Structure formats: C-alpha cells, structure tokens
Amino acid sequence: MRILGIDTSCDDTSCAVVEDGRKVLSNIVSSQVDLHAKFGGVVPEIASRKHMEMMIPVVEECLSQASLTLGDLDGVAVTFGPGLLGSLLVGVSYGKSLAYGLEVPLVGVHHLEGHICANFLRDDPPPFPLLNLVASGGHSDLILMHEHGVFSVLGETLDDAAGEVFDKVARELGLPFPGGPHLDKIADLGDEDEVKFTHPKIAGHRFGFSFSGTKTRALQEYRKRGASPESVPHIAAGLRKAIVRDLLYHVPEVVKMTGARALALSGGVAANSLLRREALALSREMGVPLFIPPKEYCTDNGAMIASAGYFRLMADKVSGPDLSAEASLPLTSW
C-alpha cells in the first residue's frame, strides 16, 4: 500500500511516498531556512505563503522521484496538528482535496505520532512497549507506546522545549539560523564542564521536563562573559551537556517501571550528536535496544507522516471531510 505523506506543520513543505508503512519510495523537503534566517526564527505568515507556493511542485517532484503517478496512490496522510495554524491549513486543505479527487482514504496524523513512526521506517521495527523520547523545537516528551495507536504520555516539558532552548541560545550567541545544529558543532570545541548547570527540581511532575532555567543560565553566562572565541564554545558545550542530561534523566526509572523493551529517540533534537552518543551508552547500560532515525527523518518530513498514516489506515481510522487543522493538539490514543 502506497501512502502519500504531507507535513506542513512549521516551515518545511514535506512530502513522501511510503510503501506498507516502512519502505520510503521518495521523500522531498522544501526548506524555508533562507527565508527566515534574516528574522532569526520562523515567521508564520511567510511560512504559510511559501507552503502555498511549493505544495504542488513538491508533490509532483515526490511522485517523479518514486516513478509514480497520482493514480498509483492508495491513500493520503497529512499532519493536522499541532503546529503553526496557517501552515497546517495549507497541508490539510491540499490533502483533503487530493484524497477526494483521487477517491482514496484520507488520514489525519498527529505530528508527534509522526515523529515516533520515523523509527518504523525500517525492516526491523522496534518492539512494544516502546519508550519514546520525542525532542524538538516544540516538544520534549516521554511517551510509552503500547502498540500502534495506544499511547501514554508520561512526561512533558512544563515550559520551553529542548530544541527551542538550543535555537534561542544559539541566536544570542550569534550562530546562524537554525541554531541547534550550529550549536551542536561549536560545542565540540568547548569544555562542557567550564559552565555548570544544575538539574531542575520539578515538584508534582515526576517525569516532567523544565528547560527555562537552563536557558536563563546560559544567557546570563553569555552576558557576563561576552562573545569571545573562547566563551561561546564553552557555553554551548555546557548547555548541550545539561540538556542531554535532563532529557535522559528519567529514562532508566521509566524503563524499569513500564517494562519497556526498547528506547527510541525522535524529533529534530534526536540529530544532536551528544544525545545520540549518550542515549546509546545508556541503552547498553540498561540492556535495551536503542532506535534512532537517520538524521533526514529526525527533522520534519513527509515519510514519517506517511508511515503513521499507514498504521492508522490499517486500523480503519480514516478521517472525514471535516478534518481540520489544530494548532494545539494533545496526543491521545485511537
């Protein structure tokens, strides 16, 4: 079964064709980085207008790369939330129209479920129950996946998301947009113990995350030290170490408590080099396998949406013409 996946949740116009939820036939991402770089962040109005311009060309290129036509598609999956409302509307409107015109099923996909399913784009998928650490610019969540469609959100950020902190601090440090990948590189040049960060104490939220204090500490240190060639790498290295530490802090306890048979990383922050190394070391220590998508499937992409859509479709969870874009959308079981 060939599913076209569409993601326009933020600033990338992404489309992919995936066969049977696992085999990627094509994956096209039209980036808007250059458009937003001068603003230091994503401008929602600019993003949605660019999605409108690129939606059809990206789908055409996606089909061409897969050597398919629209008539070869068995379904359309589209991110309907959460995300930037204007951006989501473009993808949802196009996806609904395309599915209706082709007379194929339409499947609305939660963006976080898509990130989780990036780890199923492989011949040897993770076992259940699966503990997912989803870390991106908008989310930092610990989610237990009992099976496809059955989720327990065990922990989430109470303030800033991990990727958001990376990007905001990187901008203050004078690094190019998007800041996270650039901060990861320059952190390799610094001493991660030069700037100390404490682990936040969160009352009443056993497995929650909080990164606002970490962000404030990094910015205060930068304003105190200035933008010298020595201080920026040290701050970046210390910040990276602190965020990775806090993201993985609860994992051993949660794995023991839930009996999770594997650990999976997903989301844009899953591309962070230190997080990948530390998660691998931790998984070996716990004796559970680690699953991390290739870096092209960590950031937003249509392939993960197509995969998630396939598993929903197999459970006959089809969306109707009343599917609407949702800027805020909790992850629930289906």
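Numbering (this note's numbering), first residue to last: 7 to 340.
Backbone N, C-alpha and C define an ideal beta-carbon position, used for all residues, glycine too.
Quantities reported herein were computed from a predicted structural model and do not represent experimental measurements.
For the alpha helix (DSSP H) containing residue i, list its first residue and its last residue.
{"i": "Leu41", "result": "39 to 43"}
{"i": "Asp252", "result": "237 to 254"}
{"i": "Leu91", "result": "91 to 108"}
{"i": "Glu259", "result": "257 to 264"}
In whole angstroms, what separates the C-alpha of residue i from that of residue j?
{"i": "Asn307", "j": "Ile34", "result": "8 Å"}
{"i": "Val163", "j": "Arg212", "result": "Checking the sequence shown, residue 163 turns out to be Thr, not Val. So the two alpha carbons sit approximately 11 Å from each other."}
{"i": "Gln71", "j": "Tyr228", "result": "46 Å"}
{"i": "Gly210", "j": "Gly81", "result": "43 Å"}
{"i": "Val201", "j": "Glu178", "result": "16 Å"}
{"i": "Arg8", "j": "Ser158", "result": "29 Å"}
{"i": "Val156", "j": "Arg267", "result": "16 Å"}
{"i": "Asp18", "j": "Pro50", "result": "12 Å"}
{"i": "His145", "j": "Leu139", "result": "10 Å"}
{"i": "Cys21", "j": "Ala309", "result": "7 Å"}
{"i": "Ser237", "j": "Ser32", "result": "43 Å"}
{"i": "Ile122", "j": "Leu271", "result": "8 Å"}
{"i": "His240", "j": "Gly161", "result": "30 Å"}
{"i": "Lys207", "j": "Val96", "result": "41 Å"}
{"i": "Ala277", "j": "Pro135", "result": "23 Å"}
{"i": "Arg223", "j": "Pro327", "result": "48 Å"}
{"i": "Phe317", "j": "Ala124", "result": "12 Å"}
{"i": "Gly11", "j": "Leu69", "result": "11 Å"}
{"i": "Lys174", "j": "Gly47", "result": "9 Å"}
Under the three-state reduction of DSSP, which class applies to residue i: helix, strand or coil?
{"i": "Thr338", "result": "coil"}
{"i": "Thr75", "result": "coil"}
{"i": "Arg55", "result": "helix"}
{"i": "Ser313", "result": "helix"}
{"i": "Ala124", "result": "helix"}
{"i": "His188", "result": "helix"}
{"i": "Leu288", "result": "helix"}
{"i": "Leu137", "result": "strand"}
{"i": "Phe172", "result": "helix"}
{"i": "Thr220", "result": "helix"}
{"i": "Lys323", "result": "coil"}
{"i": "Val159", "result": "strand"}
{"i": "Val417", "result": "Lying outside 7 to 340, the shown extent of the chain, residue 417 is not represented and no answer is given."}
{"i": "His116", "result": "strand"}
{"i": "Glu332", "result": "coil"}
{"i": "Glu200", "result": "coil"}
Nearest to residue i by CA position, among the options, is which residue?
{"i": "Leu112", "options": "Ile311, Leu337, Glu332", "result": "Ile311"}
{"i": "Ser334", "options": "Ser218, Leu90, Asn138, Asp130", "result": "Leu90"}
{"i": "Gly169", "options": "Phe217, Leu108, Met58", "result": "Phe217"}
{"i": "Lys301", "options": "Phe86, Ser142, Tyr100", "result": "Ser142"}
{"i": "Asp130", "options": "Pro299, His116, Glu59, Thr204", "result": "Pro299"}
{"i": "Ser234", "options": "Gly196, Met60, Met263", "result": "Gly196"}
{"i": "Thr338", "options": "Leu41, Asp194, Arg55, Leu118", "result": "Leu118"}
{"i": "Phe126", "options": "Ser99, His154, His116, Glu332", "result": "His154"}
{"i": "Trp340", "options": "Val175, Gly232, Leu253, Gly114", "result": "Gly114"}
{"i": "His57", "options": "Glu66, Gln38, Lys44, Gly46", "result": "Gln38"}
If I follow the unbroken beta strand (DSSP E) through residue i, where does it start and stop?
{"i": "Arg341", "result": "As shown, the chain starts at 7 and ends at 340. That puts residue 341 outside it, with no answer to give."}
{"i": "Glu153", "result": "146 to 153"}
{"i": "Ala83", "result": "81 to 87"}
{"i": "Asp13", "result": "8 to 13"}
{"i": "Ser275", "result": "The sequence given here places Val at residue 275; Ser does not occur at that position. Where Val275 is concerned, there is no enclosing beta strand (DSSP E), given that its DSSP letter is neither H nor E."}
{"i": "Asn33", "result": "29 to 36"}
{"i": "Ser20", "result": "19 to 25"}
Measure from the C-beta of residue i to each C-beta in chain C and report whether the shortest distance is under 8 Å.
{"i": "Val49", "result": "In the structure shown, chain C does not exist; there is a single protein chain."}
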